[in-house]
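In the UniProt record's numbering, the protein residues as written are 1 to 334.
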């Protein structure tokens, strides 16, 4: 445990540069006194680590010092190989780079580690695309990724649900969700508003496959220092889901119907679990489900057939009846 912590401490100083004792203690979940003892032990082992006092002080390694990749456990090697998804890497134009990195990692591992990592590659394959789905077009993805990396402005024609629009954006990151790539970017309009002291809505999300044409401009932008892509994405998801549903609907369903309703998403599953009533003598149970637009919810529920019946609100029940009547009229025998 101690040897592992010393190695982690060394890797933190090597990858992050100068760190305060408190920051290191928080990262490694130990006391500041323990960090001071570990620093002394690293110095005694010949690692050129030194500290500066003062508000801007901290510990850091001597410039130019690097340690080789040693002490990696079999579990750590396995996690690195699992993290390198070949499909997404190839879509980003990094397939050859990933293969080369994995080869170097294999060469740096001891024999037992090489065997474990090779067995993992042969036995576990990760496919992020859902069933009966195809990944969106990705031919432009390497170009978009370079613009994100180099902080270059992109001008693009984008297809929204309401039509095609022209946008000039500052790309902040790429996200792969459910096999679909999304670009998180700040529009030039939003940036200008923020610089003028006016309220701006912040970065927006664009589906890469909906970008009809694009030009990476020879113009750079200052990336916001406080922007954190994983945090922003999680907050965006929560905000989207919170604004998606406008209320609740009451339904009764068979066991098969409840299973289908739960599969419509986490929000459905949570709401059903919280409101589910006991099954009646005929095998039906009542529960609430989140309600989006009446038309959209009706389409979702109609696909579940006779396993689900809407009890309320009246507008949703009436719309379900109208759709069912229209289907009956269309398919009724002459």
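Backbone N, C-alpha and C fix where the C-beta goes; we use that ideal spot for every residue, glycine too.
Of the residues 19, 17, 6 and 179, which one's Cα is nearest the Cα of residue 207? Mapped onto the chain shown, residue 207 falls at position 207. Minimum Cα distance to residue 207 is reached at 179.
Based on Cα-Cα distance, which residue from 21, 48 and 26 lies nearest to residue 37? Here residue 37 refers to the residue found at position 37 of the chain shown. When C-alpha distances from residue 37 are compared across 21, 48 and 26, the shortest belongs to 21.
Whether residue 289 touches residue 246 by CB criterion (8 Å): Reading the chain shown from its first residue, position 289 is the one you call residue 289. Reading the chain shown from its first residue, position 246 is the one you call residue 246. Cβ atoms of residue 289 and residue 246: not closer than 8 Å.
Residue 10 to residue 50, Cα distance in whole Å? Mapped onto the chain shown, residue 10 falls at position 10. Mapped onto the chain shown, residue 50 falls at position 50. Going from the Cα of residue 10 to the Cα of residue 50 covers about 12 Å.
Tell me where the beta strand (DSSP E) around residue 181 begins and ends. Here residue 181 corresponds to residue number 181 of the chain shown, with the count starting at 1. Under the DSSP assignment, residue 181 falls in the beta strand (DSSP E) whose first and last residues are 180–187.
Could you have a look at residue 267 and say whether DSSP puts it in helix, strand or coil? Residue 267 sits at position 267 when you count from the first residue of the chain shown. In this structure, residue 267 counts as helix in the three-state DSSP scheme.
When the Cα atoms are used, what is the spatial distance from residue 279 to residue 234? Taking the chain shown and counting its residues from 1, one reaches residue 279 at position 279. Taking the chain shown and counting its residues from 1, one reaches residue 234 at position 234. The straight-line gap from Cα to Cα measures roughly 36 Å.
Considering residue 143, what are the terminal residues of the alpha helix (DSSP H) in which it resides? Translated into the one-based positions of the chain shown, residue 143 becomes position 143. Taken as a continuous stretch (DSSP letters only), the alpha helix (DSSP H) holding residue 143 covers 141–150.
The beta strand (DSSP E) spanning residue 60 covers which residue range? Here the question's residue 60 lines up with position 60 in the chain shown. Taken as a continuous stretch (DSSP letters only), the beta strand (DSSP E) holding residue 60 covers 58–61.
With DSSP as the reference, identify every bridge partner of residue 156, one or two as the case may be. The residue you call residue 156 lines up with position 156 of the chain shown. Residue pairing by DSSP puts residue 156 in a beta bridge opposite 167 and 214.
Which whole-angstrom value is the C-beta distance of residue 310 and residue 317, which I expect to be below 8 Å? To locate residue 310, count along the chain shown from 1; it is residue 310. To locate residue 317, count along the chain shown from 1; it is residue 317. Going by Cβ atoms, the distance from residue 310 to residue 317 rounds to 5 Å, so yes, they are a contact pair.
Reference residue 295, options 184, 287 and 324, closest by Cα: To locate residue 295, count along the chain shown from 1; it is residue 295. Shortest Cα-Cα distance from residue 295 to any of 184, 287 and 324 involves 324.
May I ask you to verify whether the stretch 202–216 touches the stretch 259–268, counting CB pairs closer than 8 Å and requiring at least 3? Taking 8 Å as the limit for Cβ pairs, the verdict is that the stretch 259–268 does not touch the stretch 202–216.
Is it true that the CB of residue 171 sits closer than 8 Å to the CB of residue 140? Working through the chain shown from its first residue, we reach residue 140 at position 140. Working through the chain shown from its first residue, we reach residue 171 at position 171. Cβ atoms of residue 140 and residue 171: not closer than 8 Å.
Spatially closest choice to residue 57 from 19, 228, 40 and 160, by CA coordinates: The residue you call residue 57 lines up with position 57 of the chain shown. Selected option, being the one with the closest Cα: 19.
Assigned secondary structure, residue 243 (DSSP; H/G/I helix, E/B strand, else coil): For this step, residue 243 is matched to residue 243 along the chain shown. In this structure, residue 243 counts as helix in the three-state DSSP scheme.
Indicate whether residue 284 and residue 253 have their beta-carbon atoms separated by less than 8 Å. Counting from one through the chain shown, the residue named residue 284 turns up at place 284. Counting from one through the chain shown, the residue named residue 253 turns up at place 253. Yes, the pair counts as a contact, with Cβ atoms nearer than the cut-off.
Suppose you measure from the CA of residue 5 to the CA of residue 30; what does that come to, to the nearest Å? To locate residue 5, count along the chain shown from 1; it is residue 5. To locate residue 30, count along the chain shown from 1; it is residue 30. Computed Cα separation, rounded: 10 Å.
Neighbour-count burial assignment, residue 231, 16 or more Cβ in a 10 Å radius: In the chain shown, residue 231 corresponds to position 231, counting from 1. Counting every other CB atom within 10 Å of its CB across the protein chains shown gives residue 231 a total below 16, marking it as exposed.
So, at 7 Å on beta carbons, what are the nonlocal neighbours of residue 43 in its own chain, with the 5 sequence-adjacent residues on each side left out? Numbered from its first residue, the chain shown carries residue 43 at position 43. If we look at residue 43 and ignore the five residues flanking it on each side, its Cβ neighbours are 49.
Going by other Cβ atoms of all chains shown within 10 Å of its Cβ, with 16 needed for buried, is residue 182 buried or exposed? Working through the chain shown from its first residue, we reach residue 182 at position 182. By the neighbour-count criterion, in which 16 or more other beta carbons inside 10 Å mark a residue as buried, residue 182 falls on the buried side.
Where residue 186 falls, given that 16 or more other Cβ within 10 Å makes a residue buried: If you number the chain shown from 1, residue 186 lands on position 186. Buried, because 16 or more other Cβ atoms sit within 10 Å of the Cβ of residue 186.
When you compare each of 226, 227, 218 and 291 to residue 241 by their alpha carbons, which one comes out closest? Residue numbering aside, residue 241 sits at position 241 when the chain shown is read from its first letter. Measuring from the Cα of residue 241, the nearest candidate turns out to be 291.
Between residue 220 and the rest of its own chain, which residues show a CB-CB distance below 8 Å, the 5 nearest in sequence each way excluded? For this step, residue 220 is matched to residue 220 along the chain shown. Exclusion of the five residues before and after residue 220 leaves 150, 151, 152 and 153 as the residues of its chain whose Cβ lies within less than 8 Å of its Cβ.
Beta-bridge pairing of residue 309 - partner residues as DSSP gives them: Counting from one through the chain shown, the residue named residue 309 turns up at place 309. Residue pairing by DSSP places residue 309 opposite 252 in a beta bridge.
Use the C-beta contact count for residue 199: other C-beta atoms within 10 angstroms, 16 or more gives buried, fewer gives exposed. For this step, residue 199 is matched to residue 199 along the chain shown. For residue 199, the pLDDT reaches just 46, beneath the cut-off of 50, and the residue's location in the model is therefore unreliable, leaving the point undetermined.
C-beta atoms of residue 169 and residue 229 nearer than 8 Å: What you label residue 169 is simply residue 169 of the chain shown in a count that begins at 1. What you label residue 229 is simply residue 229 of the chain shown in a count that begins at 1. No, Cβ-Cβ distance for residue 169 and residue 229 is not below 8 Å.
Between residue 159 and residue 215, what straight-line distance do the alpha-carbon atoms span, to the nearest angstrom? Against the chain shown, residue 159 aligns to sequence position 159. Against the chain shown, residue 215 aligns to sequence position 215. Their backbone Cα atoms lie some 16 Å apart in a straight line.
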